[in-house]
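Asks: Residue numbering for the sequence shown follows this note's numbering, starting at 1051 and increasing by one per position. We treat Cβ as the ideally placed atom computed from N, Cα and C, and that holds for glycine. First, the structure itself, so that you have it in front of you.
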Amino acid sequence: MAQLGDCITLAQSPTPPGRGKVGTGPNRRPAGARGALVSSPPGRRARLATPGTGTSIVETREAMRRRLQDLIENNRVMIFSKSYCPHSTRVKELFSSLGVEYNALELDKIDNGSSVQEVLLEITNQKTVPNVFVNKVHMGGCDQTLQAHQSGLLKKVLQEDSRGSGTYDYDLIVIGGGSGGLACAKEAAVLGKKVMVLDFVVPSPHGTTWGLGGTCVNVGCIPKKLMHQAALLGQALHDSRKYGWEYNQQVKHNWETMIEAIQNYIGSLNWGYKLSLREKAVTYINSYGTFVDHHKIKATNRKEQETSYTAAKFVIATGERPRYLGIQGDKEYCITSDDLFSLPYCPGKTLVVGASYVALECAGFLAGIGLDVTVMVRSILLRGFDQEMAEKVGSYMEQHGVKFLRKFIPVTIQQLEKGTPGKLRVVAKSIEGPETIEDVYNTVLLAIGRDSCTRKIGLEKIGVKINEKTGKIPVNDVEQTNVPYVYAIGDILEGKPELTPVAIQAGKLLARRLFGGSLEKCDYINVPTTVFTPLEYGCCGLSEEKAIEVYTKDNLEVYHTLFWPLEWTIADRDNNTCYAKIICNKRDNDRVIGFHVFGPNAGEITQGFAVAMKCGLTKQLLNDTIGIHPTCGEVFTTLEITKSSGLAITQKGC
Ligand code: FAD
Ligand code: NA7
1051 MAQLGDCITL
1061 AQSPTPPGRG
1071 KVGTGPNRRP
1081 AGARGALVSS
1091 PPGRRARLAT
1101 PGTGTSIVET
1111 REAMRRRLQD
1121 LIENNRVMIF
1131 SKSYCPHSTR
1141 VKELFSSLGV
1151 EYNALELDKI
1161 DNGSSVQEVL
1171 LEITNQKTVP
1181 NVFVNKVHMG
1191 GCDQTLQAHQ
1201 SGLLKKVLQE
1211 DSRGSGTYDY
1221 DLIVIGGGSG
1231 GLACAKEAAV
1241 LGKKVMVLDF
1251 VVPSPHGTTW
1261 GLGGTCVNVG
1271 CIPKKLMHQA
1281 ALLGQALHDS
1291 RKYGWEYNQQ
1301 VKHNWETMIE
1311 AIQNYIGSLN
1321 WGYKLSLREK
1331 AVTYINSYGT
1341 FVDHHKIKAT
1351 NRKEQETSYT
1361 AAKFVIATGE
1371 RPRYLGIQGD
1381 KEYCITSDDL
1391 FSLPYCPGKT
1401 LVVGASYVAL
1411 ECAGFLAGIG
1421 LDVTVMVRSI
1431 LLRGFDQEMA
1441 EKVGSYMEQH
1451 GVKFLRKFIP
1461 VTIQQLEKGT
1471 PGKLRVVAKS
1481 IEGPETIEDV
1491 YNTVLLAIGR
1501 DSCTRKIGLE
1511 KIGVKINEKT
1521 GKIPVNDVEQ
1531 TNVPYVYAIG
1541 DILEGKPELT
1551 PVAIQAGKLL
1561 ARRLFGGSLE
1571 KCDYINVPTT
1581 VFTPLEYGCC
1591 GLSEEKAIEV
1601 YTKDNLEVYH
1611 TLFWPLEWTI
1621 ADRDNNTCYA
1631 KIICNKRDND
1641 RVIGFHVFGP
1651 NAGEITQGFA
1661 VAMKCGLTKQ
1671 LLNDTIGIHP
1681 TCGEVFTTLE
1691 ITKSSGLAIT
1701 QKGC
C-alpha cells in the first residue's frame, strides 16, 4: 500500500497532524471522529494528504494512482466528488438514505483535484464526478449509481464485502474459451486470481461441433490458412515444371487426406489449450453459460445438467457464429465455414454465397485444390476493405478459375439428390431486376456474415446492454460494459476489428488492468490484417475511400506501383498483377495512414510495416530504408509514382 508520507500534493483542508489518512482499511474511523473533515453522517471525506507535513510537493502520476487505488480498495463506498456538484450530492444522499457510510474526496477542495480527475479518467474512462466505487467495483457516475440502485445491483454489490475472501466462488469467470477468453483467463490466473472458463460449442445446423479454443483454432484462421497452403502448393506444383521438375504421375488432390491432417493438428491444439489451463490452475468447464442473477451464472452441460457459480467479475468472450439466409432449404442443405474444415467428403462443385473475406478465402482455396467454384455476390467484394484492392483480389481469382455471379442472391435451395456430396438446385434472383437464374451444385457454402453470441446468455437478467440491431456489446475503452463488473472482449465488441490477435491482446491487457494494477489499454488503431485469397492482400490503416472521407483528397498523396515478384518471372506468371500502395497524409509530414499490398506472402510483408506504422512511419522513412533484394517487400522503399501524377506503373521486368 502506498504510504501517505511520500511525494504528494497536500490537501488544503486544515486537518490536524495525524488525522490525514481517512478511509483506509485499518484506519477507518467511525463517522463523527474526524474533526474538521467530518461531513454529515454517515458520509466522510477522504483526503489525499500527508499527515504531519505542511509542504506541497507535486505527486508523481504513479504515486497518485496508487493512492487513489488505496482509497478505492479500502473504502466500502468511495465517492470522488465536488462539493458544489448537485449530482455528487444526489449520490451522497442516496447512500445516506440507505444508511451506508461512504467516503468522499471533494476534488474542488484539494490542490491537485484536476490531476486526480485525469488519473481517474485513466483508471475508469470517466472524468466526470461523482465517480463512485462500491466494494472496489466501479459503479460509474450519478445516473449509473441510481440505476444500479433501482435494478438491485447496488444492494447486491454493497452486500458483498470484497475485502473478505470467499464471498464469490471465483474472482473471475470468463464465458467463452476462444482467442480472447483463454488469453484473459490465463493472464488473470498468472496474476494469482481464481479463474473459471466456460466453453461450449452449440452444434451447427449441419451437426458439426469441435473442441476447446474457439473459432480461430477450430473453424477459422488455422484450418483456413492450412487449406490456403494446400492451394498454394498446387500453384507451386504448376510452377515447378518451369524450374525443371519433371514428374509423370498425374497430380490430384485428396480432400480426405488434407482434412485428416488438419483435424489431427487441431486436435493437438485443443489438447494443448486444456493442458495450459490446467497448468495455470484455471478451472475449465465444458458447459454453456447464462447469467441468472447479478454475479451468478448457470452452466449447462451436454447432458443438460445445470450448476451455478458466482464471481466478482465476468468477461464475456462468446464470439460469433455464421448467419443463415432465412430462405427455404438453407439450414437443411447449406453448410458454412463451421462445417467446411472438417467436412468428411470433398464438397465438389461449390457455390459460395457472400463476398466477405471468409467467402473469398474459402472460394480461393477450394478452386486452388481443383474444384469448380462460383461466388455469388450481392453487391461489392470485401465491404469495408479498400475497393481498388478488393477488385484486384476478385479479378485475380476470376483469372484463376473462380466464377463470379454478381448482383444475385439465392432465393431457394432444393435437394435433388442425397449424398456425400449430394446435388442441390439453387434458384437466385437479380437484385437489379426480375431476372432469375438457376444451377445445380454439390455444395452451397454460406459466408454471409456472422452473428454475435449475445442474445441467449441472459444479459437481460443483469441489465447488460447490447446493440439490439447487431447484437454487439458496446464497451468503454477499458472493455467495460454498462454493468460495472461485466467486461466484454473479442468479436462481440461493437466497432472493433474481428481478429484473433485483437481478441488476445484485449483479453490479456484487460486481465492486467483488472488484477495487475496496469493501466494499458488495447490499441485498436492501425490493426494489420490479411485476406488469404489465392494471391494475398495485406493492409494496415485506412482504405483509400476512408482516408479521403477523413482527410479529403487534397490532403493526401497516394504512391503506388505494380510489381513482378522474381519468382514469377521464370514461372511465366503475369508481370502486372501484384500491386503496392501507400496513402500519405501531406499535412502530417507525409505520414503513412494506409498500407496495402497485393502479392505473395502479403501477410508476412504487412506485419513488419504495421510495426513501422505504429512508430509513425512516413514516406521519407520509407525512402531512407534500404530494401532487401530480391524481395516483394522492397518495393515499398522505392515507391516514386503518385496516383495523382497519372504516370504508368506497369512493369516490364525485374
Ligand atoms: P471465439 O474464438 O469465437 O470464441 C468464443 C467461444 O465461446 C467459442 O468457443 C464458443 O463456442 C464459446 N461460447 C459461445 N457462447 C458460449 C456460452 N454461452 N457459454 C460457453 N461458451 C460459449 N482472424 C484472424 O486474425 N486471422 C484470420 O486469418 C482469421 N480467419 C478467420 C477465418 C474464418 C473462417 C473465421 C470464421 C474467422 C476468422 N478469423 C480470423 C476471426 C477469428 O477467428 C476471430 O476474430 C476470433 O476467433 C475471435 O475470438 P473470440 O474470443 O472473440 O471468440
Ligand atoms: P461480413 O464482413 O459482414 O460480410 C458479409 C458478406 O455477405 C457481404 O459480402 C454481404 O454482402 C454478404 N451478404 C450478407 N447477407 C447476404 C444475403 N442475404 N445474401 C447474399 N449475400 C449476403 O461478414 P464476414 O463473413 O466477413 O464475417 C465477419 C467476421 O467473420 C469477420 O470479421 C471475421 O471475424 C469472421 P453486402 O456487401 O452486404 O452486399
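How big is the Cα-Cα spacing for residue 1690 and residue 1610?
Replies: Walking along the sequence shown from the start, residue 1690 turns up at place 640. Walking along the sequence shown from the start, residue 1610 turns up at place 560. Cα to Cα, the separation comes out at about 8 Å.
Asks: When you compare only the Cα positions, how much space is there between residue 1603 and residue 1696?
Replies: The residue given as residue 1603 occupies position 553 in the sequence shown. The residue given as residue 1696 occupies position 646 in the sequence shown. About 15 Å.
Asks: May I have a chain-ordered list of the beta strand (DSSP E) segments no shorter than 3 residues that lie completely inside the stretch 1491-1531?
Replies: Those beta strand (DSSP E) runs which fall completely within the stretch 1491-1531 and span 3+ residues are 1493-1496 and 1500-1502.
Asks: Does any heavy atom of the ligand FAD sit closer than 8 Å to the C-beta of residue 1309?
Replies: Working through the sequence shown from its first residue, we reach residue 1309 at position 259. Residue 1309 Cβ: outside cutoff for every heavy atom of the ligand FAD.
Asks: Looking at residue 1403 and residue 1224, is the spacing between their C-beta atoms short of 9 Å?
Replies: As a position in the sequence shown, residue 1224 is number 174, starting the count at 1. As a position in the sequence shown, residue 1403 is number 353, starting the count at 1. No, they are not a contact pair.
Asks: When you compare only the Cα positions, how much space is there between residue 1496 and residue 1553?
Replies: One-based indexing of the sequence shown puts residue 1496 at position 446. One-based indexing of the sequence shown puts residue 1553 at position 503. Cα to Cα, residue 1496 sits roughly 24 Å from residue 1553.
Asks: Would you say residue 1553 touches the ligand FAD, meaning its beta carbon is less than 8 Å from a heavy atom?
Replies: Translated into the one-based positions of the sequence shown, residue 1553 becomes position 503. Answer for residue 1553: yes, Cβ within range of the ligand FAD.
Asks: For residue 1348, write down the residues that DSSP places opposite it in a beta bridge.
Replies: Within the sequence shown, residue 1348 is the residue found at index 298, counting from 1. Residue 1348 is bridged to 1340 and 1358.
Asks: Under 9 Å between the Cβ atoms of residue 1525 and residue 1537?
Replies: The residue labelled residue 1525 in the question sits at position 475 within the sequence shown. The residue labelled residue 1537 in the question sits at position 487 within the sequence shown. Closer than 9 Å, so yes.
Asks: Please list the terminal residues of the continuous alpha helix (DSSP H) segment that includes residue 1645.
Replies: For this step, residue 1645 is matched to residue 595 along the sequence shown. First-last for residue 1645: 1641-1648, but that is the beta strand (DSSP E), not the alpha helix (DSSP H).
Asks: Would you mind stating whether residue 1590 and residue 1648 have Cβ atoms separated by less than 9 Å?
Replies: Counting from one through the sequence shown, the residue named residue 1590 turns up at place 540. Counting from one through the sequence shown, the residue named residue 1648 turns up at place 598. Result no, Cβ atoms of residue 1590 and residue 1648 do not sit closer than 9 Å.
Asks: Helix, strand or coil, according to DSSP, for residue 1456 in the structure here?
Replies: In the sequence shown, the residue the question calls residue 1456 occupies position 406. Three-state DSSP puts residue 1456 in a strand.
Asks: What residues does the ligand NA7 have around it, judged by CB closer than 6 Å to any heavy atom, in chain order?
Replies: Per the Cβ criterion, the list is 1375, 1403, 1404, 1405, 1406, 1407, 1408, 1428, 1429, 1430, 1433, 1459, 1497, 1498, 1499, 1500, 1541 and 1548.
Asks: Tell me the start and end of each unbroken beta strand (DSSP E) in the stretch 1416-1470 that is at least 3 residues and wholly inside, in chain order.
Replies: With a minimum length of 3 residues, the continuous beta strand (DSSP E) runs that stay inside the stretch 1416-1470 are 1423-1427, 1453-1456 and 1458-1467.
Asks: Rounded to the nearest angstrom, how far is the Cβ of residue 1533 from that of residue 1513, given a contact under 8 Å?
Replies: For the purposes of this step, residue 1533 is taken as the residue at position 483 of the sequence shown. For the purposes of this step, residue 1513 is taken as the residue at position 463 of the sequence shown. Right, the Cβ-Cβ distance comes to about 6 Å (below 8 Å), so this counts as a contact.
Asks: Report the option in 1133, 1222, 1144 and 1282 whose CA atom is closest to the CA atom of residue 1728.
Replies: Because the chain spans 1051 through 1704 in this model, residue 1728 falls outside it and cannot be assessed.
Asks: CB of residue 1248 to nearest heavy atom of the ligand FAD: below 8 Å?
Replies: As a working mapping, residue 1248 is identified with position 198 in the sequence shown. It does: the Cβ of residue 1248 is within 8 Å (strictly closer) of some heavy atom of the ligand FAD.
Asks: Where are the alpha helix (DSSP H) runs, 4 residues long or more, that stay fully inside the stretch 1143-1170, in chain order?
Replies: For the stretch 1143-1170, not a single whole alpha helix (DSSP H) run of length 4 or above is found.
Asks: Between residue 1334 and the ligand FAD, is there a pair consisting of the residue's CB and a ligand heavy atom that are separated by less than 8 Å?
Replies: Counted from its first residue, the sequence shown places residue 1334 at position 284. Outside the cutoff, so no.
Asks: Does the beta-carbon of residue 1252, which I'm using as the reference point, lie nearer than 8 Å to any heavy atom of the ligand FAD?
Replies: To locate residue 1252, count along the sequence shown from 1; it is residue 202. Yes - the ligand FAD has a heavy atom lying nearer than 8 Å to the Cβ of residue 1252.
Asks: Can you grab the Cα-Cα spacing for the pair residue 1668 / residue 1608, in whole Å?
Replies: To locate residue 1668, count along the sequence shown from 1; it is residue 618. To locate residue 1608, count along the sequence shown from 1; it is residue 558. For residue 1668 and residue 1608, the distance between alpha carbons rounds to 12 Å.
Asks: Counting Cβ pairs closer than 8 Å, one from the stretch 1116-1125 and one from the stretch 1158-1178, do we hit at least three?
Replies: The stretch 1116-1125 is in contact with the stretch 1158-1178.
Asks: Please work out which residues of its chain come closer than 8 Å, Cβ to Cβ, to residue 1482, disregarding the five sequence neighbours upstream and downstream, and give them in chain order.
Replies: Within the sequence shown, the letter at position 432 stands for residue 1482. For residue 1482, where only same-chain residues beyond five positions count, the Cβ hits under 8 Å are 1457.
Asks: Quick check: what's the CA-CA separation for residue 1237 versus residue 1333?
Replies: Looking up residue 1237 in the sequence shown gives position 187. Looking up residue 1333 in the sequence shown gives position 283. Straight-line Cα distance between these residues: approximately 13 Å.
Asks: Can the beta-carbon of residue 1326 be found closer than 9 Å to that of residue 1267?
Replies: Here the question's residue 1326 lines up with position 276 in the sequence shown. Here the question's residue 1267 lines up with position 217 in the sequence shown. It is not a contact, given that the beta carbons lie outside the stated cut-off.
Asks: Provide the residue(s) that pair with residue 1584 in DSSP beta bridges, ordered along the chain.
Replies: Your numbering for residue 1584 matches position 534 in the sequence shown. DSSP, once it has assigned bridges, lists no residue as partnering residue 1584.
Asks: Could you name the residues of the same chain whose beta carbon sits closer than 6 Å to that of residue 1246, not counting the 5 residues immediately before and after it, in chain order?
Replies: Numbered from its first residue, the sequence shown carries residue 1246 at position 196. Taken in chain order, the residues that qualify are 1220, 1223 and 1333.
Asks: Is the CB-CB distance between residue 1527 and residue 1473 below 9 Å?
Replies: Along the sequence shown, read from residue 1 onward, the residue named residue 1527 stands at position 477. Along the sequence shown, read from residue 1 onward, the residue named residue 1473 stands at position 423. No, they are not a contact pair.
Asks: Provide the residue span of the alpha helix (DSSP H) that contains residue 1479, from first to last.
Replies: As a first step, residue 1479 must be located in the sequence shown, where it is residue number 429. Unbroken run through residue 1479 is the beta strand (DSSP E), 1473-1480; no alpha helix (DSSP H).
Asks: Check this for me: beta carbons of residue 1262 and residue 1446, under 9 Å apart or not?
Replies: Here residue 1262 corresponds to residue number 212 of the sequence shown, with the count starting at 1. Here residue 1446 corresponds to residue number 396 of the sequence shown, with the count starting at 1. Their beta carbons are not under 9 Å apart, which means residue 1262 does not touch residue 1446 by this criterion.
Asks: Quick check: does the Cβ of residue 1400 come within less than 8 Å of any heavy atom belonging to the ligand FAD?
Replies: Here the question's residue 1400 lines up with position 350 in the sequence shown. It does not: the Cβ of residue 1400 is nowhere closer than 8 Å to a heavy atom of the ligand FAD.
Asks: Quick one: what does DSSP say residue 1688 is sitting in, helix, strand or coil?
Replies: The residue you call residue 1688 lines up with position 638 of the sequence shown. Coil, per DSSP.
Asks: Which residues bound the alpha helix (DSSP H) around residue 1610?
Replies: Here residue 1610 refers to the residue found at position 560 of the sequence shown. Premise fails: residue 1610 lies in the beta strand (DSSP E), 1606-1613, not in any alpha helix (DSSP H).
Asks: How many angstroms separate the CA atom of residue 1342 from the CA atom of residue 1484?
Replies: For the purposes of this step, residue 1342 is taken as the residue at position 292 of the sequence shown. For the purposes of this step, residue 1484 is taken as the residue at position 434 of the sequence shown. Rounded to the nearest angstrom, the two C-alpha atoms are 49 Å apart.
Asks: Using a Cβ-Cβ cut-off of 6 Å (strictly less than) and excluding sequence neighbours within five positions of residue 1530, which residues of its own chain qualify?
Replies: As a first step, residue 1530 must be located in the sequence shown, where it is residue number 480. Result list for residue 1530: 1537, in chain order.
Asks: Return yes when the Cβ of residue 1147 is within less than 9 Å of the Cβ of residue 1180, no when it is not.
Replies: Position 130 of the sequence shown, counting from 1, holds the residue named residue 1180. Position 97 of the sequence shown, counting from 1, holds the residue named residue 1147. Going by C-beta atoms, residue 1180 is not nearer than 9 Å to residue 1147.
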